[in-house]
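Here is the structure we will look at.
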Amino acid sequence: MTAVSIRTVHDVAGLDAVSAYFGRVWRTPSAPPYPAEVLHSLVHAGGAVHAAHDGERLAGACAAVFGPPGSGEVYSLVAAAEPGLGQVVKQAQRAWALGLGARTMRWTFDPLVARNARFNLAKLGAVGTEYLVDFYGPMRDGVNGGDESDRLTVTWDLAAPAQPYEIPGREAAPVTHRAPDGAALARRDLADLHVWCRVPDDVVGLRAADPQLALRWRRAVREVFTEAFGQGFRATGMSRDGWYTLTRDHDEEGTG
829 MTAVSIRTVH DVAGLDAVSA YFGRVWRTPS APPYPAEVLH SLVHAGGAVH AAHDGERLAG
889 ACAAVFGPPG SGEVYSLVAA AEPGLGQVVK QAQRAWALGL GARTMRWTFD PLVARNARFN
949 LAKLGAVGTE YLVDFYGPMR DGVNGGDESD RLTVTWDLAA PAQPYEIPGR EAAPVTHRAP
1009 DGAALARRDL ADLHVWCRVP DDVVGLRAAD PQLALRWRRA VREVFTEAFG QGFRATGMSR
1069 DGWYTLTRDH DEEGTG
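Following this line, the structure appears as structure tokens:
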């Protein structure tokens, strides 16, 4: 890898390149999910598009806008990067947002994609604060493949250092749900303060190979998350072997 540079993008040619990059990532080259004219309007309205270059090659990009007036919040619409550049892209967004007075950033991602969950929760230190069922409706791009588009909203405290949240005791906790593969899907500790939930190793590959099995995983994980979130749990961690940690504050014990 050559020297990586990242900058905000304002010019039409640069925004067109970012749009085309998103089209390649989501495998819709003829109809990018974020057309260049939309990105241009976003920037004109006070948002920001960042592009990361590995030498001359575009290797990552993101786009964000500010939230409601007075909220001190930024909403990240989209972000993508080649392996090893995710931190570069998100930290550039963070620096831009902090420079304009923002305190938090929110975005959504597919909760079945374990590598994204680990990046968001364990590496950045964001917290999953909302579970959204079929948020976009059917998505026909080359990554989502028509699957139901459940999303997990994460909230990132921009001023706080990342603190990976790993809670021991998962293997000793009783199994509450079984996964489509027959193994444990979810466990819940006897103190009722932690839930662990497993996701498939590679849901994108599973969707391509067996869409119906992928949908069974989607609905199984949805059941665990919606039940837990309804009881005050939040997603606070993701292990290397694909298990979420969901945590509830002591003062919320017994609610729901």
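Everything in the sequence shown is counted per the numbering used here, starting at 829 for the first residue and increasing by one. For every residue, glycine included, the Cβ atom is placed at its ideal position computed from N, Cα and C.
Check	Outcome
Can you check whether the CB of W935 is closer than 8 Å to the CB of Y903?	yes
Let me make sure I understand the geometry here. Which of R1044, G929, V917, A892 has the alpha-carbon closest to that of G900?	G929
What's the C-alpha gap between D1009 and G842?	45 Å
With a Cβ-Cβ cutoff of 8 Å, do A892 and L905 count as a contact?	yes
Any idea if P939 is buried or exposed, counting beta-carbon neighbours within 10 angstroms, 16 or more meaning buried?	buried
Using CA atoms only, rank isn't needed, just tell me which of W854, R855, P897, D1029 is closest to G874.	P897
Since T932 and L986 are thought to touch, with beta carbons under 8 Å apart, how far apart are those beta carbons, to the nearest angstrom?	6 Å
Roughly how many angstroms separate the alpha carbons of G912 and A879, rounded to a whole number?	15 Å
Compute the Euclidean distance between the alpha carbons of A1048 and F1057, then round it to the nearest angstrom.	14 Å
Just tell me which of F894, K951, R1068, V840 has its CA closest to the CA of G817.	As displayed, the chain neither begins before 829 nor continues past 1084, which places residue 817 out of reach and without an answer.
Could you tell me which residues DSSP puts in a beta bridge with F1053?	Answer is none; F1053 lacks a bridge partner.
Evaluate contact between the stretch 962-978 and the stretch 1035-1047, counting only Cβ atoms and requiring at least three cross-stretch pairs below 8 Å.	yes
Output needed for V832: all residues of its chain with C-beta closer than 8 Å, excluding positions within five of it in sequence on either side, in chain order.	A880, H881, D882, A887, L913, V916
Between the C-alpha atoms of V1032 and M967, what's the straight-line distance to the nearest angstrom?	13 Å
Would you list the one or two residues that DSSP bridges to Y1072?	C1025, M1066
Using 10 angstroms around the beta-carbon of G927, count the other beta-carbons present and answer buried if the total reaches 16, otherwise exposed.	exposed
Excluding the 5 residues flanking W1071 on each side, which residues of the same chain have their C-beta closer than 6 Å to its C-beta?	W1024, R1026
With Y903 as the anchor, note down where its beta strand (DSSP E) starts and where it stops.	901-909
Any chance you could list the beta strand (DSSP E) runs of at least 3 consecutive residues sitting entirely within the stretch 935-1010, in chain order?	955-960, 979-985, 1003-1006
What does the alpha-carbon distance come out to for the pair A1011 and Y849?	38 Å
Return helix, strand or coil for R852, following the three-state DSSP convention.	helix
So what does V1090 bridge to, in DSSP terms?	This structure leaves residue 1090 out entirely; the chain is present only between 829 and 1084.
How many angstroms separate the CA atom of D839 from the CA atom of W984?	29 Å
Our contact map puts M1066 next to L949 with C-beta atoms below 8 Å; I'd like the distance itself, whole angstroms only.	5 Å
Would the beta-carbon of L1021 fall within 8 Å of that of V1052?	no
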